[in-house]
Every structure is written in structure tokens, then in C-alpha cells.
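Novice: To get the working numbering, take the position in the sequence shown, counting from 1, and add 87.
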Amino acid sequence: MGFFTSQERFIILFLILALVIGFSLYLYKLNHPSFAPAYIIKDFDKNMGDSLPQKPEIHYEQTNTKNKININTAGIEMLVKIPGIGSTYAERIIEYRKKHNGFKSLSEIKKIKGIGEKRYLKIKEHIECK
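Put into C-alpha cells, the structure is as follows:
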């Protein structure tokens with residue numbers, strides 16, 4: 088007499104086989120990035136560290152005043168285009184602008200809750216207040 092019936096043995100063997108095949112596919116995908124979906128490739132890149140060539144980062148600097156956004160006149164749609172400024176910060180900028188009749192200087196934007204020196208340094212190249 089066996090401990091399991093023939094149907095139970097079949098199901099247990101099927102589950103073990105499915106587990107082994109699934110784990111084998113996972114390992115294969117992990118070691119062959121061209122086969123893997125994007126989320127596994129990201130994990131693979133993290134695990135490999137510096138051994139893979141890094142993609143060059145592209146930084147777009149807006150030094151021309153034509154590309155700068157005027158914080159005294161811009162609406163929410165334009166303000167959210169500033170790197171590091173989302174809709175919440177854009178609303179705060181507009182609210183502050185209304186209360187204080189506009190910004191007199193760029194550094195005045197640091198008076199808005201959540202915009203400190205660090206964020207100001209990131210956005211100052213993208214804004215103006217004429």
C-alpha cells in the first residue's frame with residue numbers, strides 16, 4: 088500500500104516538474120538578456136554592476152533664455168515641465184505668486200514649501216522671473 092493514490096502522485100510529480108521547468112527558465116532568462124523581458128534585464132544590469140558598459144547619460148542644459156520658463160507667468164502645464172517640479176509644486180508656485188504679486192528674484196522660489204536649496208540648484212537653470 089502506498090501513502091498516496093496514483094492521482095495524487097501524478098499531481099505531485101506534475102507540480103515538481105513545473106517548478107523545475109519554471110526555475111530553469113528563470114535562470115536561463117537571467118543569463119541570456121536578449122531572451123529576457125525588460126524587467127529582468129534591469130535586474131540583470133543591477134546584478135552585473137560595472138561589468139557591463141554603461142549607457143551615456145544625456146544632459147540637456149537650458150542656458151538660452153528662450154528655453155527658460157517664466158515662473159511669474161507660466162501656468163501649471165508649463166511649470167510641470169521644469170525638472171523636479173510636479174503638479175503639487177506648480178500649484179504652490181502659482182498660489183505664492185498670487186499672494187505676493189509675483190516673484191522678485193529667482194531665489195524667492197525657495198520660500199515655497201518643499202523647495203529647498205537642493206531643488207533650487209536643480210531648477211534655477213530652467214527658470215526666470217521677468
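No residue lacks a Cβ here, since even glycine has one placed at the ideal position from N, Cα and C. For clarity, every value in this text was computed on a predicted model and none was experimentally measured.
1. Go ahead and pull the three-state DSSP assignment for I108.
2. Do you know whose CA, among E215, S174 and K168, lies nearest K191's CA?
3. How big is the Cα-Cα spacing for L208 and I156?
4. Quick check on this structure: which residue in K205, H119, F90 and F91 has the alpha carbon closest to the alpha carbon of G171?
5. Restricting to Cα atoms, I'd like to know which of K217, G189, K185 and A177 is closest to G201.
6. Determine whether the beta carbon atoms of G189 and K197 lie at a separation below 8 Å.
7. For a quick check, are the C-beta atoms of R184 and N154 less than 8 Å apart?
Specialist: So, from the listed chains and residues:
1. For I108, the three-state secondary structure derived from DSSP is helix.
2. Each of E215, S174 and K168 was checked against the Cα of K191, and the nearest Cα belongs to E215.
3. 15 Å
4. K205
5. A177
6. no
7. no
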